[in-house]
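The opening position of the sequence shown corresponds to residue 327 in our numbering, with each subsequent residue numbered one higher.
We put the CB at the ideal spot given by N, CA and C, even for glycine.
Below you'll find the structure, written out as C-alpha cells, and then a few comments.
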Amino acid sequence: MATIKKAVKESLVGSEHPLLLTEEAKKTFDKHASRTASDGEKYMTREDFVGAIAPLDQNYHKIKREQYSILFEIADRRKEGLVNLQDWATFENLLAKPDVEYEIAFRLFDVEGKGSVKYDEFVKIYQANRDPSSIPFDWNCQWASLYLGGKGRRHDLTYLQFSQMLRGLQGERIRQAFHYFDKKASGHIEPEEFQRIILETAGHKLSDHLLENLHTLCNISVGSKINYANVRAFQNVMREMDMVDLIVRNATAKSPDRMITRTDFLNEATRITRFNLFTPMEADILFHFAGLDNPAGRLSLEDFNRVLDPSWQAPKPVVGAGVFPVVTHKRGFFGQALDAAQNFALGSIAGAFGATIVYPIDLVKTRMQNQRSKVVGELMYKNSIDCAKKVIRHEGFRGLYSGLGPQLIGVAPEKAIKLTINDLVRAKAKDKNGKITLPWELVAGGSAGACQVFFTNPLEIVKIRLQVQGEVAKNVEGIPRRSALWIVKNLGLIGLYKGASACLLRDIPFSAIYFPTYNHLKSDFFGESPTKKLGILQLLAAGAIAGMPAAYLTTPCDVIKTRLQVEARQGQTNYRGLIHCAKTVWREEGFKAFYKGGPARILRSSPQFGATLAAYELLQTIFPVGGEVAESKGTVPMVGVTEEKAPMPYLRSRNALKIIMDLDQNFGRLKIPQGFGLST
327 MATIKKAVKE SLVGSEHPLL LTEEAKKTFD KHASRTASDG EKYMTREDFV GAIAPLDQNY
387 HKIKREQYSI LFEIADRRKE GLVNLQDWAT FENLLAKPDV EYEIAFRLFD VEGKGSVKYD
447 EFVKIYQANR DPSSIPFDWN CQWASLYLGG KGRRHDLTYL QFSQMLRGLQ GERIRQAFHY
507 FDKKASGHIE PEEFQRIILE TAGHKLSDHL LENLHTLCNI SVGSKINYAN VRAFQNVMRE
567 MDMVDLIVRN ATAKSPDRMI TRTDFLNEAT RITRFNLFTP MEADILFHFA GLDNPAGRLS
627 LEDFNRVLDP SWQAPKPVVG AGVFPVVTHK RGFFGQALDA AQNFALGSIA GAFGATIVYP
687 IDLVKTRMQN QRSKVVGELM YKNSIDCAKK VIRHEGFRGL YSGLGPQLIG VAPEKAIKLT
747 INDLVRAKAK DKNGKITLPW ELVAGGSAGA CQVFFTNPLE IVKIRLQVQG EVAKNVEGIP
807 RRSALWIVKN LGLIGLYKGA SACLLRDIPF SAIYFPTYNH LKSDFFGESP TKKLGILQLL
867 AAGAIAGMPA AYLTTPCDVI KTRLQVEARQ GQTNYRGLIH CAKTVWREEG FKAFYKGGPA
927 RILRSSPQFG ATLAAYELLQ TIFPVGGEVA ESKGTVPMVG VTEEKAPMPY LRSRNALKII
987 MDLDQNFGRL KIPQGFGLST
C-alpha cells in the first residue's frame, strides 16, 4: 500500500533521485580523493581533480596539464574548494553529454548558475584570465554587439546564443588583430605579425610544424608581406582541417604511389564536398605548408600529417614516445628462398627495362670506343651523333638494336645479382641503429660490381661483337653476319671471359661510386626517411645523377675492355692483355682515347641505372618481399590523423579547453580573484 501511495505521489508532484554513479567513476573518485572529513566523507582537492581527468600518460604538448584545473570550477558547485562524490558524479554525467564541450564553457561563465551569461561577468572573467601583453580585443565592437547588444542595451546570453558566439570568436579575434597591426590600413602586415596573431589565437590547435613556419606564408604570393586574403584563407583551412584530412586520405588512397598533387586534392574535394569548396588560395596554402620539405609538388599523407595533426612533433627514435618496439621473426628456409627468388625476378625485370630504354646509346658508345684513330687509318665516325645517323642510314633503325637479345638474356641475372648483393651487404653492415658507414657502403657497392662480372663478361663480349659487325659488313665485302650462338661457339668458355680483368676494373669502382651516391642522394637531397617515401620521379633523378660520375670516371676501363673484347681486324694491333692494351692506346692514340664514348656512356649509364633502380624499387613496393614477419609489441602509429584512444572524460575535457582557450590561451594558468565566479 505504501509503495502505491509513493508511486502516486511521485507521479503527481515529481521526485528527485540521486545521479547514478558507475562503478568505474566511483573507483576513479576513491583513487584520487585525498581528503576525508570527520564523518568519513571523502573529497577531492583541485590537484586531485586534475589527476582524475588528466592522466599523466596523455599528451600535454599543446594544452598544459595544469590548465585542466579550471574545470574544477564547474565541478565545485558549492564553491568550497573541494569536490565530493556527488559533485564528481554530476561532473561525470556532464561529460557524457554530446555537446559537453560548449556546455562546460557556458557553465564557466554562468556565475549564478541560472542558465544565462551576463555581459559584465563574462568580460570580468575574460579580463582576469587574459595576458596583459596579448593582442587587445574590443568587446564593444560591432561583431560583439550583434550577440550581446550595444552599450545601454546589453542582454544576457542563453546557452545556445553563447555557444554560437564562441563558434565565430576566433575569426573576429584574427580580424581585429590584423587591424591592430595594419595601422596604415594598407591591407598588409609583416610575416612576424601574422605569426604572432596565429600563435595567440590558435597556437593550441595547430602543429609545431605549422606554427614554426607561419612566416613563410608570404612566399605564396609576390612581395614580402602578408595580405588579408592570405590570412582569411589560412583561417578557412584551419577551420576545415578534418575535411582536409578526409580529402587527403581519399585522394592518396586512389593514387598508385600514394602521393597527390594540388590538382588531385581539388578534384577529390569536388567529389566529397557539397557546399563548401576550397578556393585556389586555400589549396595553395595547404600545399605550401605540407610541402616545405618536399618541393616536388607531389605530397604523401606523411607530408600532410605535419599540418593536420596538432600533436605532431618531429619523430624521435625513442621507445615509449608513441613508437613501440617491433619484434621480427625470421622466416624459414623456404620462405627465405622464395624471397631471394622474388628479389631476383624483380631485379631481372627492372634490368631488362633499363637496358632496353638506352640500348641505342650503348651501341653508339661501343662503336665510338672501338674506333681507331687516323694513325691506324680509320675514322668512320666524327662523333656520337654522326655515328647514330650512319647506323640508321646504312643498317636501318633496327641496326641500333643489334645484339639486344643477348643483352636482355644476360642483363636479367647481371642486374639482379648486382642489386641483390648490394642490398645484402648493406643489410649485414648496418649497426643496431640501422646506420651504415661510408667504407661499408663502398664495400657493398664494390662487391655487387665484382659479383656481376660472372654474367657481365660473356654478355658484353657477345653483345659488342654483334654491335660492331654491322660496320664491318658494310666496309668489307664477303663478311657474313654472325649470330650470337655462333659467336659463343667460336669463342668457347675461356674466350667468353676475355677482358674479364678490365671488366672487373670497370664494374667494381663503378658500383662502389654509384650505390653510395644513389643512397645519399635519396636520403640527404630528396629527404627519404622511414616516414617519407620517394616518388618515381625522385628515384629516377637520384639514379640518373648518381650514374653520371660513376660512368664518366670509369670510361678508361670501359675503353680498354671494349678493345680487348672486339675481334681485331686485319692490320689492327692485337692486344695481348690489359696492360698491353692500355700502353698501346696511349702510344698510338693519346690520353683522349681513354675517354672515347664518355658522353655516350653518361647518356647511357645514367638513365639506364636510374630507370633500373626506380623500376626495382617500384616493383618492390607493388610486390613486397616477405623477408621478416613483424610482430609489434604495441601499436605502431598510423600515418595521418588517427582516432584518439584516450579515455573519453579526458578527450571531452581537452576539447572543452580548446574552446575556452579560443578566448585566450592563458585560461587555467592565472588565478582569478574571488567574486568573479572562480575560487582561488
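Nearest neighbour of residue i, chosen from the options [CA to CA]
i, options, result
"N620", "D990, K909, S849", "S849"
"Y1017", "N845, R404, A838, A776", "A query on residue 1017 cannot be resolved here, the shown segment of the chain reaching from 327 to 1006 and no further."
"G853", "A868, F841, I839", "A868"
"V548", "A870, L495, H514, R565", "H514"
"S395", "H387, A415, D413, E373", "E373"
"Y878", "K691, M706, G494", "K691"
"R558", "I524, A579, Q453", "I524"
"R930", "I430, P875, P975", "P875"
"S360", "L382, Q393, L411", "L411"
"W414", "D402, D425, L592, K423", "D402"
"I834", "G775, T843, A810, K887", "G775"
"W465", "P458, S459, F448", "F448"
Cα-Cα separation between residue i and residue j, rounded to whole angstroms
i, j, result
"K408", "I379", "Sequence inspection shows Leu at residue 408; the Lys mentioned does not correspond to that position. For L408 and I379, the distance between alpha carbons rounds to 15 Å."
"R889", "I813", "17 Å"
"E350", "E418", "11 Å"
"K352", "L486", "32 Å"
"D884", "Y823", "15 Å"
"S626", "V570", "13 Å"
"V443", "R995", "22 Å"
"G497", "Q561", "7 Å"
"E406", "A363", "14 Å"
"L768", "F841", "8 Å"
"R575", "F781", "45 Å"
"E519", "N981", "27 Å"
"F507", "I839", "55 Å"
"L830", "V779", "6 Å"
"E915", "Y921", "11 Å"
"M567", "H387", "19 Å"
"V717", "I687", "12 Å"
"L540", "E628", "19 Å"
Buried or exposed by the 16-neighbour rule on C-beta atoms within 10 Å, applied to residue i
i, result
"T281", "This structure cannot settle anything about residue 281, because the visible part of the chain is limited to 327 through 1006."
"H358", "buried"
"N602", "exposed"
"T968", "Reliability fails at T968, whose pLDDT of 49 lies under 50, so the model's placement of it is uncertain and the value that follows must be treated cautiously. Exposed."
"R693", "buried"
"A555", "exposed"
"E526", "buried"
"T947", "exposed"
"G722", "exposed"
"S710", "buried"
"C467", "exposed"
"K918", "exposed"
"N696", "buried"
"A511", "exposed"
"N900", "exposed"
"K423", "exposed"
"A579", "exposed"
"E399", "buried"
"K909", "exposed"
"G677", "buried"
"Q270", "With the chain covering 327 to 1006 only, the question about residue 270 has no answer from this structure."
Residue i in three-state terms, based on DSSP
i, result
"M607", "helix"
"M370", "strand"
"V449", "helix"
"V334", "Summary for V334: the model assigns pLDDT 48, below 50, so the residue's position carries little reliability, and this model does not support an answer."
"V649", "Here V649 scores only 37 on pLDDT, less than 50, and its place in the model is too uncertain to base an answer on."
"N553", "strand"
"V548", "coil"
"M987", "coil"
"I461", "coil"
"H387", "coil"
"L945", "helix"
"S395", "helix"
"A799", "Confidence at A799 is low in this model, with a pLDDT of 49, below 50, so its placement is unreliable and no value can be given for it."
"R791", "helix"
"T1025", "The question about residue 1025 has no answer, for the chain in this structure spans 327 to 1006."
"G994", "coil"
Any non-hydrogen atom of the ligand SAH within 6 Å of residue i CB
i, result
"F560", "The model depicted lacks the ligand SAH and carries no ligand whatsoever."
Minimum length 4: unbroken alpha helix (DSSP H) runs contained in the region 705 to 738: 710 to 721
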